[in-house]
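*Asks:* Residue numbering for the sequence shown follows numbering that gives the first Met the number 0, starting at 0 and increasing by one per position. Where is the CB? At the ideal position from N, CA and C, for every residue including glycine.
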Amino acid sequence: MKIARFSRIGFILAAAGSAVGLGNIWKFPYMTGENGGGAFVLVYLVTSIFIGFAVMIAEMIIGYLGRSDGAGSFELLAPSHKERWRFGGLMIITGLLIMTFYSVVIGWIFHYIVVALTQLPATVADAERHFMAMLQDDITTQLMYHTLAFLIVTWIVSRGIKSGIEKLNLILMPLLFIIVGGMFLYATTLEGFTQAWAFMFNADWSKLTSESFVKAVGQAFFTLSLGMGAILTYSASLEKKSNLVYSSIIIVALDTAIALLAGLMLFTFLYQYGAEPAQGPGLVFISLPAVFYEMGMLGNVFAVLFFIALAFAGLTSAVSIVEPMVQFLISRYGFGRFKASLVIGMVFYLVGIIALLSNTSVYSEMLTFGSKNFFDWMDFLTASVLLPLGGLVMAVFVGYVMEKERVFAAVGHHFGPFFEVWYFSLRYIAPVALFVVMLNLMGILKL
Ligand code: TRP
């Protein structure tokens, strides 16, 4: 079968499009707010740069050399026990779990584009009432936009790598950078910027609990799209002679930059207009719209642009979460692309409805298990448990299972003298850090 290949810039934008998502603009700011600011940001930064980068190269190598779907690439590259390593590919299922809440949140964003275009709430109290009414009582609106998100994502993925995914990213990603960059520049002119800066970079270590540590590491994996085969699958469509080191540096840099810019911009606006940073998942849907209202005419324009940028970020990520499973059905079971996209789309759509209902007042009790409802479980289970676990599997696979010569042949030339540094961190630092995360998790879950 002839595989459609990304162009060089197409790959970088698609991988950056995968990485830059709701994780950067929706999750990162509210998690920073909830987990006390600076210390959380620092753990996230150190993990992204040292562990995330190392694991990203590993994940790229598996796809680039394997040239197959998630399971197939492991199978082809393992020197022995091939059938056993095939199960490494199971991690693509994490994508289904992510999509159940990801699609619902993209739906909220669509709804908020309409809110921004029609009537912004005037006060934070108003905004909170609006968001809660949508979240807890308005099943119809949420369902309608969740359906729209499902249709768009499925349609793009069904058009394939070249005319679907690459094209989407070539158009949306530059627009996203312009919008976020422009709004950030405006934020730097406001007084609240100093406070925002202090909140994000002054570390108060007493605020860092073991749960926020686990969350910061999980966030680094989530935001870089690591640990479930998304980067792996994209890399399988790379040109033969590609520079994985260079691509990874750009992707990690862009992703980290967008998270920091979005965070600084958001907190500047919040401080400037006296709103609360520690607001949870509603942060960009509650405080921000009220702040935009306060800003007057300019705020209205910002609001529309902001939610459009957020929708772009979400869509370019969503297609990368779905693609590994679609690719798997195509290459393993001979599905046509359309049918594969539809099957995967239907699954996350239907399970997503459960996630959606678990936030509503009527069904929340039924759909709450232990400390979290279904929606929050999907988020926690994927970001804090399954992605770090997938990352651990990939680090061990490239660091210990694959022959070193083979790994060297793929990236040694581009790393130059830093090859050994990277190889060392892949073999020793990343697995140990991820293992510590697993231990912490067991403590949190009281296993
Ligand atoms: N990185 C995206 C974000 O920040 C989400 C995402 C896309 C993702 N593909 C992924 C997360 C693969 C984990 C694995 O929103």
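Please indicate yes or no: does the CB of residue 227 lie closer than 8 Å to some heavy atom of the ligand TRP?
*Replies:* Yes, the beta carbon of residue 227 sits closer than 8 Å to at least one heavy atom of the ligand TRP.
*Asks:* Could I get the ranges of all uninterrupted alpha helix (DSSP H) runs contained in the segment 142 to 204, with 4 residues as the minimum, in chain order?
*Replies:* Qualifying alpha helix (DSSP H) stretches, in chain order: 166 to 187 and 191 to 200.
*Asks:* Since residue 94 and residue 220 are thought to touch, with beta carbons under 8 Å apart, how far apart are those beta carbons, to the nearest angstrom?
*Replies:* With a Cβ gap of about 13 Å, residue 94 and residue 220 do not count as contacting.
*Asks:* Can you tell me where the alpha helix (DSSP H) with residue 8 in it begins and where it stops?
*Replies:* It spans 7 to 18 - the alpha helix (DSSP H) in which residue 8 sits, taken as one unbroken run.
*Asks:* By the three-class DSSP mapping on this structure, what secondary structure does residue 299 have?
*Replies:* Here residue 299 sits in helix by DSSP.
*Asks:* Output the distance between the C-alpha atoms of residue 362 and residue 182, rounded to the nearest integer angstrom.
*Replies:* Whole-angstrom Cα-Cα distance: 38 Å.
*Asks:* Could you tell me how far apart the beta carbons of residue 184 and residue 19 are, in whole angstroms, since I believe they sit closer than 8 Å?
*Replies:* The Cβ separation is near 18 Å, so there is no contact.
*Asks:* My assumption, with CB atoms under 8 Å, is that residue 272 sits in contact with residue 194. Please give the rounded CB distance.
*Replies:* With a Cβ gap of about 12 Å, residue 272 and residue 194 do not count as contacting.
*Asks:* So what does DSSP say about residue 439, is it helix, strand or coil?
*Replies:* If DSSP states are grouped into helix, strand and coil, residue 439 belongs with the helices.
*Asks:* Have a look at the DSSP bridge pairing and note the partners of residue 372.
*Replies:* According to DSSP, residue 372 bridges with 367.
*Asks:* Compare the Cα-Cα distances from residue 109 to each of 22, 316 and 306 and report the closest residue.
*Replies:* Looking at the Cα atoms, 306 is the closest of the given residues.
*Asks:* Keeping to the same chain, check which residues put their C-beta closer than 7 Å to that of residue 116; ignore five residues upstream and five downstream.
*Replies:* Correct list, in chain order: 303.
*Asks:* Grouping DSSP H, G and I as helix and E and B as strand, with all else coil, what is residue 85?
*Replies:* Helix at residue 85.
*Asks:* Within 8 Å, do at least three Cβ pairs link the segment 73 to 82 to the segment 258 to 267?
*Replies:* Counting Cβ pairs under 8 Å, fewer than three are found: no touch.
*Asks:* Judging by CA-CA distance, which residue of 227, 216 and 32 is the nearest neighbour of residue 92?
*Replies:* With distances taken between Cα atoms, residue 92 lies closest to 227.
*Asks:* Answer yes or no: the CB of residue 453 versus the heavy atoms of the ligand TRP, is any distance below 8 Å?
*Replies:* Residue 453 lies beyond the residue range present for the chain, which begins at 0 and ends at 446; the question has no answer from this structure.
*Asks:* Indicate the three-state DSSP secondary structure (helix, strand or coil) for residue 119 in the structure shown.
*Replies:* Here residue 119 sits in coil by DSSP.
*Asks:* What is the DSSP secondary structure of residue 430, reduced to helix, strand or coil?
*Replies:* Residue state, collapsed to three classes: helix.
*Asks:* Which of helix, strand or coil does DSSP assign to residue 23?
*Replies:* Residue 23 falls in the helix class under three-state DSSP.
*Asks:* So for residue 278, helix, strand or coil by DSSP?
*Replies:* Reduced to three states, the DSSP call for residue 278 is coil.
*Asks:* Can you tell me where the alpha helix (DSSP H) holding residue 66 begins and where it ends?
*Replies:* Neither: residue 66 is in no alpha helix (DSSP H) and is coded neither H nor E.
*Asks:* Would you call the segment 379 to 389 and the segment 425 to 445 touching, i.e. three or more CB-CB distances under 8 Å?
*Replies:* These segments touch.
*Asks:* Between 164, 190 and 63, which lies nearest to residue 9 when the distance is taken from Cα to Cα?
*Replies:* Nearest of 164, 190 and 63 to residue 9, Cα basis: 164.
*Asks:* Nearest-angstrom Cα distance between residue 430 and residue 126?
*Replies:* Each residue's Cα considered, the two are about 43 Å apart.
*Asks:* Starting from the C-beta of residue 311, find all residues in its chain whose C-beta is less than 7 Å away, skip the five residues before and the five after it, and write them out in chain order.
*Replies:* These residues qualify, in order along the chain: 171, 174 and 175.
*Asks:* What whole-angstrom Cβ distance do residue 358 and residue 142 have, given they're in contact under 8 Å?
*Replies:* With a Cβ gap of about 12 Å, residue 358 and residue 142 do not count as contacting.
*Asks:* Can the beta-carbon of residue 60 be found less than 9 Å from the beta-carbon of residue 296?
*Replies:* No, the Cβ-Cβ distance between residue 60 and residue 296 is not below 9 Å.
*Asks:* For residue 71 and residue 180, what's the separation of their Cα atoms in angstroms?
*Replies:* So the alpha carbons of these two residues sit roughly 40 Å apart.
*Asks:* Hey, which unbroken runs of the alpha helix (DSSP H) at 4 residues or more fall wholly within the segment 308 to 384?
*Replies:* List check, alpha helix (DSSP H) in window: 336 to 356 and 373 to 379.
*Asks:* Which one of 347, 254, 353 and 405 has the shortest CA to CA distance from residue 55?
*Replies:* The candidate whose alpha carbon is nearest that of residue 55 is 254.
*Asks:* Just the C-alpha distance for residue 100 and residue 378, rounded to the nearest angstrom, thanks.
*Replies:* Approximately 7 Å between the Cα atoms of the pair.
*Asks:* Can you name the start and end residues of the alpha helix (DSSP H) that residue 403 belongs to?
*Replies:* Start and end: 403 to 414.
*Asks:* Let me know if residue 432 comes out buried or exposed under the rule of 16 or more other beta-carbons within 10 Å of its beta-carbon.
*Replies:* So residue 432 ends up on the buried side.
*Asks:* Identify whether residue 137 lies in helix, strand or coil by the three-state DSSP scheme.
*Replies:* In the structure shown, residue 137 sits in coil (DSSP, three-state: anything other than H, G, I, E or B).
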